[in-house]
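Q: Once you've had a glance at the structure underneath, I'll fire off some questions.
In the numbering used here, the protein residues as written are 128 to 258.
Here you go:
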C-alpha cells in the first residue's frame with residue numbers, strides 16, 4: 128500500500144505542477160467570433176447630384192462639336208494671364224507672374240513677391256527630390 132500511495136502522491140503532485148505550468152502560459156486571443164446581424168438592407172446614401180463640382184464637370188466638352196473647334200477651353204477660362212493653362216509649383220508660378228506683370232506691380236507687392244521667390248528658391252535648392 129505504501130508503494131501504491133507513493134505513486135498516487137507522486138502522480139498527483141505531477142498533475143498539480145503540470146496544471147500550474149499550463150496556467151502560467153499566456154493565452155493569446157483575438158476575441159470572440161461575433162456574428163454580424165443585419166435586420167434590414169442599409170438605406171442608400173443621399174447624394175446631391177447637382178453640387179457645383181458635379182454640375183460643372185465636362186462643361187467645355189461640347190465646344191469642339193458645337194463651335195467647329197475654333198475655341199479652346201483655356202481661352203474661355205476667366206483668370207489672370209499668368210495662371211491660364213499653367214501647371215507647376217509655387218516657385219514657377221511666382222516667377223511667371225513676375226515675368227508677365229512684374230513691371231506693373233506696386234512697390235511693396237513686388238518686393239513681397241521677390242522675397243517669396245528668394246525663399247522658395249533657397250528651399251527648393253536645399254531640400255527635395257529635385258536636388
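Ideal placement from N, C-alpha and C gives every residue a C-beta, glycine not left out. Values in this document were obtained by computation on a predicted structure and should not be read as measured data.
Have a look at residue 167 and residue 178 and give me their C-alpha separation to the nearest angstrom.
A: Roughly 30 Å separates the two Cα atoms.
Q: In or out: residue 210 buried (at least 16 other Cβ within 10 Å) or exposed?
A: Under this definition residue 210 is an exposed residue.
Q: For residue 218, collect the residues of the same chain with a Cβ closer than 8 Å to its Cβ; drop the 5 residues on either side in sequence, then sort them by chain order.
A: Contacts found: 244, 247, 248, 251.
Q: How many Å lie between residue 212 and residue 164 at the Cα?
A: One C-alpha to the other measures close to 53 Å.
Q: Quick check on the burial criterion: 16 or more other C-beta atoms within 10 angstroms. Buried or exposed for residue 171?
A: Residue 171 is exposed by the Cβ-count criterion.
Q: Going by alpha carbons, who is nearest to residue 222 out of 205, 240, 203, 208?
A: With distances taken between Cα atoms, residue 222 lies closest to 240.
Q: Let me check understanding here. Comparing Cα to Cα, which of 256, 186, 220, 184 lies closest to residue 207?
A: When only C-alpha atoms are compared, the closest one is 220.
Q: Considering Cα atoms alone, identify which of 169, 237, 255 is closest to residue 216.
A: For the residues 169, 237, 255, the minimum Cα distance to residue 216 belongs to 255.
Q: Can you tell me whether DSSP reads residue 171 as helix, strand or coil?
A: Residue state, collapsed to three classes: coil.
Q: Between the alpha carbons of residue 227 and residue 181, how many angstroms are there, rounded?
A: Cα to Cα, residue 227 sits roughly 33 Å from residue 181.
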